[in-house]
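Working notes for the structure below.
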Amino acid sequence: MLRKPPLFSQDVKQRLAIRFFMQIDLSVQEVTKKFNEFIAVDNVSFEVPDGSFFSILGPSGCGKTTLLRMIAGLTEPTEGKIEIRGKSMLGIPPNKRPVNLIFQQLALFPMMNVEENIAFGLRRRGEGKVDIKKKVEAILERVDLAGFGDKKIDQLSGGQKQRVAIARCLVLEPAVLLLDEPLGALDLKLREQMKVELKMLQAKVGTTFVYITHDQSEALVMSDHVAVMNQGVFEQIDTPQNLYNRPETPFVAQFVGDNNAWSGRIRQCNDMTAEIETAEGPIFHTKVRESLQPGDEVDLFLRPEAMLILPDPSLSELNRFHIIVKDILFDGANSRLLAHPLDADTELLIALPQTRQYDYIQKNDKIEIGWDQQSGICFRRS
Amino acid sequence: MIRTLPTSKTYNRCFKFYVVLYFTFLFAPLLVTCILAFNDSQFPSLPWKGFTVEWFTADLTERVGIFHDQINLDSIWVSFRVAFFVTLLSMIVGTCGAFLFEQEDFRYKQLLYFLMLCPLVIPGVILGISILLFSNTLGTYFETNWNIDVDLFRPGFWLVVLGQFSFIATLVTLVVSARLRKFDRTLEEAALNLGANRLEVIWFITLKFLRPAIIGAGAVAFLMSFENFNTTLFLVGYQATLPINLYLQVRDGSTPVINAISFLLIVGTSMVALANLYFSRKET
Amino acid sequence: MKNQKRWGLFFFLSPVLLWLFLLIVLPHIDLLAMSFRIENDDGQMVWSLSNYLNFFEEPIYWLTFVRTAIFSILVTFLTFVIALPVAFYITKVVAPKFQGFLLVLLLLPFWVSELVRVYGWMILLRESGVINHFLIKLGLLNQPIEMLYKDATMILGLVYTSMLFMVVPITSVLDSLDNSLIEAAYDLGANMWTILFKIIIPHATPGIVSGSIVVFMLTLGNYLTPNLMGGKNSLWFTEQIYNQFIASFNWNQGSAFGFLLLVLSSIVVWLGLKLTRQNLRKVVQ
Ligand SMILES: Nc1ncnc2c1ncn2[C@@H]1O[C@H](COP(=O)(O)OP(=O)(O)OP(=O)(O)O)[C@@H](O)[C@H]1O
Ligand SMILES: [Mg+2]
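Residue numbers (this note's numbering), protein chains in the order written: chain G, 1082 to 1463; chain P, 18 to 301; chain S, 2 to 286.
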């Protein structure tokens, strides 16, 4: 029973669906940006269908803002094509593009009040006074800021500024709304709240969102699709679930969600199941997605929740090994054990379900851990 | 030493005394000038002969108050007009300069910037004579080659305006540049992104942001132009500005009318200066 | 996009270029050229060094020049010595609530025309002036003395005139000096003079330099104050220039004098910057 690499078919299906059933709002093709010798964005391609929420997730400095600025027309790409609703954007100045950008620092105009900020774009289009007033009021209502029109920008709270920035762009009904870490400046609590609000707002208005963040939870919670970016390159474009469960590169495995990394060598491999001898000692069996040769060096990733504490002895398919508890990291539903394998000092994070069942575990305890062959993620080291 | 450290009484007293002395030194001439404007005497000196406002209002043969002194009134009007044009010109060119040096990139920018700073270290007298010479050269050239007599090249109103403008523009450029440096350029990008073209961006966003600085610099430019003497001296024609006119009078003996004018000047400039200060404080 | 940028550059560049070339560069080139020309016996203009030779051969000229330079340096130094304690007092000693008020008070007189300020000193100091009046009233003098038209008075006037340009930059650098530096030095046992020379003055150098440059330049190029307060004996070099231009109508000689003054002021400014390792750009900011 040979399993096809599932990702391939999935990918094709998705592309076909996009091609035939949905309109593409934004298409970026092989775009590269160089600052002198430094390559900030390296041959990036993606497509965003109409009305979807697309996120670009990557560490600080990986080129996210640069990519967004190229879409908005504030920076010119060194190479590649950008199309919006099927129209090439080459040589079109930023004020003529049907996209709006919410800046990392919001960039609200401090010399104008809320209403003037929102009306700014409409006025530039030369719309009538009455129309503008109506539209501004409607959009203020929509972002829950009705009656705030006369306020000065510096009288607003962080979350309100946020919403003004969004309203200022949405009122222009852009084909695509670009958001550059718009929640970055907010405190944690507000960020959590705005995350949900933003997602609901997007569902309500139906505008295509391209959302940039370095916070994986934002990306996973809000998006239909997420692109993971690293050093100017897109490592993987996929649904949040697939990114978490089926990372395609070691970088994605480590960047999206927590992961425990092991390094090891293949002893044997058949039927897509490999036997790996880890540098830390234990020998594991795991499913792999490509055929590996004995002697290949590999990286093995295990999610904290994939490791079961004191597994039932009756389960035979499990990999089993012992650890020593170094510390208990209590964090409510997200509590973990910090531990290391018996003969090595690699740090491991192990999910600690708060069911009171494991309350007796203490520092320096020696505990058996088990994990299922299906839940290992294994990459050949290149 | 400083307010947070313990200090000896004598040290404090001496320091205070020094500062009081300094402020006396600063204000004595102005106060005396103002007071003597109201002395009922033919000369701006003591003894005190009683209070009068005649040096402002009188229209007698032996005593002509400033409000009836046509020559001085004329020169005040000339100074106003000069200052108006100098302010206008230097506000425009200074703002262009600020944009040029802060936002544009071109070859020889450093060199041009250095040139722009030069008027700060060129003595005003030299600026005056060199502009006088050059305008004369141009005038002669136009006359001999094309036989046109250009009035602008003669010492007179417009030459004074240009002469003062030549160094006041530097000051405006520096003040506006300093403000422009604090400007967050993403605001411009945001405006572009919302559909504004470059002109609209400058007009609605950048100039709005710069407005306090431009107005403040304008006020300073106005005062500097109004009181300028050294450069103007070489460029005046028959329309004397107020400082030149006062200078001629002071040199040839003085009457309390000068005190009256000084009084008005002191009050007027203080008010402009205080207003300027008040608004610039309110901005920050 | 590109085109718009070009256009913007052109828009900003052209007025600035017009200003700098028509009013600064070309006039000074003209000044230099004029200083090398004289009228020969046939009434024609020819190139010549004689304007400069005149300067060196006639002691009154170069003595006035040297005198002006030395007095300007003296004035600059005096202004500095007087201004430093005042700036220090206002930024560091006085209670913060008075600070703003004192600053305003400090700036206010300088908005008033230089002429009015000099005139004020004249009615204070002259023979029939206010000070003489009080001194006689108090019995300290039997008969009035002329205090105007003396070197000391002239220096007083020049110091007074240019005080602002020293106080303001020093105040602003001292304002940026962290109080804790002085406190730390005091704590480590430094006395007042050590603190002054090791901490305050080094920190204030940029302000002192920019103040000194402006004061020096203004003093050197001042015509009004020496002329009115120094009278006939002032022997200030700008008066020589004025005489050549307006009285003798010898513009070529006047240009040579003007150019020499410009060279002197440039050299001193340049030396000042070099010695204190500053540059002009930093100093003006
Ligand atoms: N104008 C520029 N000139 C030269 N290098 C630049 C320029 N703009 C960006 N870079 C470089 O390009 C890289 C990517 O920058 P970018 O702003 O796109 O990062 P980012 O992913 O948005 O990071 P962050 O999450 O911190 O905002 C950085 O290393 C940055 O130094
Ligand atoms: Mg960024």
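Cβ atoms here follow ideal geometry from the backbone N, Cα and C, with glycine treated the same way.
Residues of its chain near residue i, where Cβ-Cβ distance is below 8 Å and the 5 sequence neighbours each way are ignored
i: ILE261 of chain P; result: SER92, PHE246, THR249, LEU250 and VAL253
i: LEU1423 of chain G; result: GLY1362, PHE1402, HIS1403, ILE1404, ILE1405 and LYS1447
i: LYS199 of chain S; result: ALA186 and ALA191
i: TYR1325 of chain G; result: LEU1301, VAL1337 and GLY1338
i: MET1082 of chain G; result: The predicted position of MET1082 of chain G is uncertain, since its pLDDT is 38 and thus under 50; a value taken from the coordinates is nonetheless stated next. Closer than 8 Å at Cβ, skipping near neighbours: no residue.
i: ILE146 of chain S; result: GLU128 and ASN133
Of the listed residues the options, nearest to residue i (C-alpha basis)
i: LEU295 of chain S; options: P:SER147, P:PHE170 and P:ALA238; result: The question about residue 295 of chain S has no answer, for chain S in this structure spans 2 to 286.
i: ALA1432 of chain G; options: G:LEU1383, G:GLY1161, G:ASP1319 and G:MET1275; result: G:LEU1383
i: LEU18 of chain S; options: P:ASP168, P:LYS225 and P:LEU117; result: P:LEU117
i: ILE1247 of chain G; options: G:GLN1186, G:SER1298 and G:ARG1150; result: G:GLN1186
i: LYS1276 of chain G; options: G:ASN1340, G:GLU1398 and G:SER1136; result: G:SER1136
i: PHE296 of chain P; options: P:PHE151, P:SER25 and P:ILE231; result: P:ILE231
i: ARG1348 of chain G; options: G:ASN1117, G:ILE1357, G:VAL1122 and G:ASN1341; result: G:ILE1357
i: LEU1373 of chain G; options: G:PRO1385, G:LEU1381 and G:MET1353; result: G:MET1353
i: LEU85 of chain S; options: S:VAL168, S:LEU107 and S:VAL117; result: S:VAL168
i: GLY1313 of chain G; options: G:SER1141, G:PHE1134 and G:PRO1130; result: G:SER1141
i: VAL302 of chain P; options: S:MET46, S:LEU109 and S:GLY44; result: In this structure chain P extends from 18 to 301, so residue 302 of chain P is not present and cannot be described.
i: LEU274 of chain S; options: S:PHE56, S:ILE209, S:SER114 and S:ILE202; result: S:ILE209
i: VAL49 of chain P; options: S:LEU262, S:ASN41, S:LEU276 and S:MET123; result: S:MET123
i: TYR224 of chain S; options: S:THR92, S:MET230 and S:THR239; result: S:THR239
i: TYR35 of chain P; options: S:ILE25, S:TYR120, S:GLY232 and S:ILE83; result: S:ILE83
i: LEU1253 of chain G; options: G:ILE1183, G:LEU1267 and G:ALA1284; result: G:ILE1183
i: PRO184 of chain S; options: S:SER163, S:THR172, S:TRP63 and S:LEU197; result: In the sequence as presented, Pro is not what sits at residue 184 of chain S; that position holds Glu. Closest option to GLU184 of chain S, Cα to Cα, is S:LEU197.
Residues that residue i contacts on chain S, provided the C-beta gap is smaller than 8 Å
i: PRO229 of chain P; result: Here the premise fails: no neighbours, minimum Cβ distance about 18 Å.
i: MET133 of chain P; result: VAL17 and LEU21
Chain P residues whose Cβ lies nearer than 8 Å to that of residue i
i: SER294 of chain S; result: Look at the range of chain S in this structure, 2 to 286, and you will see that residue 294 of chain S is not part of it.
i: ARG1249 of chain G; result: LEU211
Listed by chain order, chain G residues near residue i by CB distance under 9 Å
i: LEU209 of chain P; result: ALA1153, GLY1154, LEU1155, PRO1174, PRO1175 and ASN1176
i: LEU169 of chain P; result: Within chain G, no residue comes near LEU169 of chain P; the closest Cβ sits about 39 Å away, beyond 9 Å.
Own chain, CB closer than 6 Å to residue i, minus 5 neighbours either side, in chain order
i: ASP57 of chain P; result: LYS66, GLY67 and THR69
i: PHE1089 of chain G; result: In this prediction, PHE1089 of chain G scores a pLDDT of 45, lower than 50, which makes its location untrustworthy; the coordinate-derived value is nonetheless stated afterwards. Nothing meets the Cβ criterion.
i: ALA1227 of chain G; result: LEU1221
i: PRO1087 of chain G; result: Summary for PRO1087 of chain G: the model assigns pLDDT 44, below 50, so the residue's position carries little reliability; its value from the coordinates is reported in the next sentence. Counting only Cβ-Cβ distances below 6 Å, and skipping sequence neighbours, we find nothing.
i: ARG1084 of chain G; result: Only weak support is given to the placement of ARG1084 of chain G: the predicted model assigns it a pLDDT of 40, under 50, and the value that follows is read from those uncertain coordinates. Correct list: empty, nothing qualifies.
Contact list for residue i against chain S, beta-carbon separation under 7 Å
i: THR286 of chain P; result: TRP112 and VAL113
i: GLY141 of chain P; result: GLY222
i: LEU282 of chain P; result: VAL113, SER114 and VAL117
i: PRO260 of chain P; result: SER114 and LEU116
i: PHE251 of chain P; result: PHE246
Sequence-distant residues of the same chain with beta carbon closer than 7 Å to residue i, five excluded per side
i: ILE1318 of chain G; result: PHE1127, HIS1306 and ALA1308
i: LEU125 of chain S; result: VAL131 and ILE132
i: ARG7 of chain S; result: none
Whole-number beta carbon distance between residue j and residue i, since they are thought to touch under 8 Å
i: LEU1251 of chain G; j: THR1288 of chain G; result: 7 Å
i: VAL103 of chain P; j: ILE185 of chain P; result: 6 Å
i: THR65 of chain S; j: LEU236 of chain S; result: 5 Å
i: VAL178 of chain P; j: THR112 of chain P; result: Rounded, the Cβ-Cβ distance is 18 Å, inconsistent with contact.
i: PRO1385 of chain G; j: ASN1445 of chain G; result: Actually they are not in contact, since the Cβ atoms of PRO1385 of chain G and ASN1445 of chain G sit about 20 Å apart, beyond 8 Å.
i: GLY1345 of chain G; j: THR1359 of chain G; result: 4 Å
Contact list for residue i against chain S, beta-carbon separation under 9 Å
i: PHE116 of chain P; result: GLY9, PHE12 and PHE13
Amino acids of chain G, ordered along the chain, whose beta-carbon sits closer than 7 Å to that of residue i
i: ILE222 of chain P; result: PHE1190
Cross-chain neighbours of residue i in chain G, by beta carbon under 8 Å
i: LYS199 of chain P; result: Per Cβ cutoff of 8 Å: no residues; LYS199 of chain P is ~12 Å from chain G at best.
Contacts that residue i makes with chain P (C-beta to C-beta distance below 7 Å)
i: PHE81 of chain S; result: Neighbours of PHE81 of chain S on chain P: none; closest Cβ ~14 Å, over 7 Å.
Segment contact flag, the stretch 1166-1184 of chain G with the stretch 208-217 of chain P, C-beta cutoff 8 Å, min 3 pairs: Taking 8 Å as the limit for Cβ pairs, the verdict is that the stretch 208-217 of chain P does touch the stretch 1166-1184 of chain G.
Between the stretch 265-283 of chain P and the stretch 145-164 of chain P, can you find at least three pairs of beta-carbon atoms closer than 8 Å? no
Between the stretch 1312-1332 of chain G and the stretch 1151-1160 of chain G, do three or more beta carbon pairs fall short of 8 Å? Taking 8 Å as the limit for Cβ pairs, the verdict is that the stretch 1151-1160 of chain G does not touch the stretch 1312-1332 of chain G.
If you pair each beta-carbon of the stretch 199-216 of chain S with each one of the stretch 65-81 of chain S, do three or more pairs fall below 8 Å? yes
Sufficient close CB pairs (3 or more, under 8 Å) joining the stretch 20-36 of chain S to the stretch 253-265 of chain S: yes
Would you say the stretch 90-108 of chain P touches the stretch 172-180 of chain S, given that touching needs at least three Cβ pairs under 8 Å? no
Would you call the stretch 1101-1116 of chain G and the stretch 1262-1272 of chain G touching, i.e. three or more CB-CB distances under 8 Å? no
Counting Cβ pairs, one atom from each stretch, are 3 or more of them under 8 Å apart for the stretch 1363-1372 of chain G and the stretch 1409-1421 of chain G? no
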